[in-house]
Amino acid sequence: MKYVSTRGQAPELGFEDVLLTGLARDGGLYVPSEWPRFDEEEIASMAGKPYTEVAYRVMSPFIGDEIAEDDLRAMIEEAYATFDHKAVAPLSQIGPSDWLLELYHGPTLAFKDIAMQILARLFDHALAKRKERVTIVGATSGDTGSAAIEAFRGREATDIFILHPQGRVSEVQRRQMTTVLDSNVHNIAVEGTFDDCQALVKDMFNDHSFRDEIKLAGVNSINWGRVMAQVV
0 MKYVSTRGQA PELGFEDVLL TGLARDGGLY VPSEWPRFDE EEIASMAGKP
50 YTEVAYRVMS PFIGDEIAED DLRAMIEEAY ATFDHKAVAP LSQIGPSDWL
100 LELYHGPTLA FKDIAMQILA RLFDHALAKR KERVTIVGAT SGDTGSAAIE
150 AFRGREATDI FILHPQGRVS EVQRRQMTTV LDSNVHNIAV EGTFDDCQAL
200 VKDMFNDHSF RDEIKLAGVN SINWGRVMAQ VV
């Protein structure tokens with residue numbers, strides 16, 4: 000699977016390069032050059048399967064042969080073992096024609112856990128192969144930051160810096176972000192709005208010399224890995 004920038008001026012990359020690159024150098028977003036397709040039979044065959052099996056079937060076409068099947072399955076199993084419900088995202092009927100998809104069973108109770116838990120393990124796998132270390136920078140209004148910090152805390156090959164608008168996140172999420180003591184976790188309260196935080200992150204990605212110097216990586220929705228995990 001190859002990925003291209005939405006602005007068409009950045010080099011074509013494979014999955015792991017896109018995972019560690021985040022924002023394309025031309026300021027665009029990396030997306031698949033061709034979209035995998037599931038026929039009706041394949042979709043029907045996923046019915047009743049465990050979440051981890053469905054996650055593997057949906058994500059593997061986007062990854063291609065860059066990660067061995069056994070390794071990817073192991074990462075998926077480990078990621079979703081952190082959830083407190085065996086179905087991961089159970090669908091509950093709450094009325095005759097009403098259903099509720101429960102996305103709050105992850106370690107921080109935010110739906111972002113669904114992507115972040117597998118994203119951290121994909122980072123670990125790619126960085127271990129390359130013997131590299133990266134610095135992750137992200138902006139949050141609350142849920143992304145707490146989920147990212149929980150997923151990446153204690154990881155040997157990543158440092159993570161999360162920016163949040165001071166006084167503009169919930170108290171629960173502020174505590175989730177600011178009480179983690181792992182040495183690779185850094186939370187920064189910015190005097191401003193979420194948009195100000197996001198602008199700072201984009202400026203860092205657009206400063207190519209700085210980006211290369213600290214091996215900058217992203218976990219916001221600019222990273223295709225986030226999007227891929229959330230479409231399951």
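Numbering (numbering that gives the first Met the number 0), first residue to last: 0 to 231.
For every residue, glycine included, the Cβ atom is placed at its ideal position computed from N, Cα and C.
Which two residues bound the contiguous alpha helix (DSSP H) that contains residue i?
i	result
glutamine 197	193-205
valine 30	Per DSSP, valine 30 belongs to no alpha helix (DSSP H); it is in the beta strand (DSSP E), 29-31.
isoleucine 66	Here isoleucine 66 belongs to no alpha helix (DSSP H), and DSSP marks it neither H nor E.
glycine 144	142-151
alanine 43	39-44
What residue from the options has the CA that sits closest to residue i's CA?
i	options	result
phenylalanine 193	Leu180, Arg167, Ala216 and Glu212	Arg167
leucine 118	Pro89, Ala109 and Ala150	Ala150
alanine 23	Pro31, Trp34 and Pro10	Pro10
glutamate 101	Leu90, Pro60 and Pro95	Leu90
alanine 88	Pro95, Tyr79 and Ser96	Tyr79
arginine 173	Asp181, Met203 and His163	His163
threonine 20	Gly144, Val136, Met74 and Asn183	Val136
tyrosine 55	Met45, Ala43, Arg72 and Asp97	Arg72
serine 59	Phe82, Asn183, Leu121 and Met115	Leu121
valine 171	Arg129, Gly141 and Pro49	Gly141
asparagine 222	Val53, Met74 and Met115	Met115
alanine 67	Gln8, Asn186, Val218 and His124	His124
valine 189	Ser182, Glu212, Gln175 and Phe160	Phe160
arginine 36	Asp16, Lys128 and Phe61	Phe61
tryptophan 34	Val57, Glu15 and Tyr50	Val57
Kindly identify the DSSP beta-bridge partner or partners of residue i.
i	result
tyrosine 50	In DSSP, tyrosine 50 forms no bridge with anything.
proline 164	Val189
glycine 217	Looking at the DSSP assignment, glycine 217 forms no beta bridge with any residue, so it has no partner.
serine 91	Leu99
Where does residue i sit, in a helix, a strand or coil, going by DSSP?
i	result
threonine 157	strand
tryptophan 223	helix
leucine 102	coil
alanine 109	coil
serine 169	coil
leucine 12	strand
glycine 97	Note on identity: in this sequence residue 97 is aspartate, with glycine being the wrong assignment. Residue state, collapsed to three classes: strand.
arginine 134	The amino acid occupying residue 134 in the given sequence is threonine; arginine does not appear at that position. In this structure, threonine 134 counts as strand in the three-state DSSP scheme.
valine 231	coil
valine 184	strand
threonine 177	helix
aspartate 83	coil
arginine 120	helix
alanine 23	coil
arginine 72	helix
arginine 129	helix
proline 60	helix
If I measure Cβ to Cβ from residue i and keep anything under 8 angstroms in the same chain, skipping five residues before and after, which residues do I get?
i	result
glycine 13	Met0, Lys1, Tyr2, Gly63 and Glu65
glycine 94	none
leucine 126	Leu19, Arg132, Val133, Ala156 and Thr157
tryptophan 98	Leu90, Ser91 and Gln92
glutamate 52	Met45
Quick one: what's got a C-beta closer than 7 angstroms to residue i's C-beta in the same chain, skipping five residues either side?
i	result
aspartate 112	Gly105, Pro106 and Ala146
glycine 191	Pro164
Could you pull the start and end residues of the beta strand (DSSP E) that residue i belongs to?
i	result
serine 4	1-4
Here's a check: name, in chain order, each residue in its chain whose Cβ is nearer than 6 angstroms to the Cβ of residue i, leaving out the five neighbours to either side.
i	result
phenylalanine 110	Leu102
glycine 144	Ile161, His163 and Met176
Report whether the distance from the Cβ of residue i to the nearest heavy atom of the ligand NAP is below 7 angstroms.
i	result
aspartate 16	With respect to small molecules bound, the structure shown includes none, and the ligand NAP cannot be examined in it.
Looking at the C-beta of residue i, does it have a partner C-beta in chain B at a distance below 8 angstroms?
i	result
glycine 144	Among the chains of the structure shown, chain B does not appear; only one protein chain is present.
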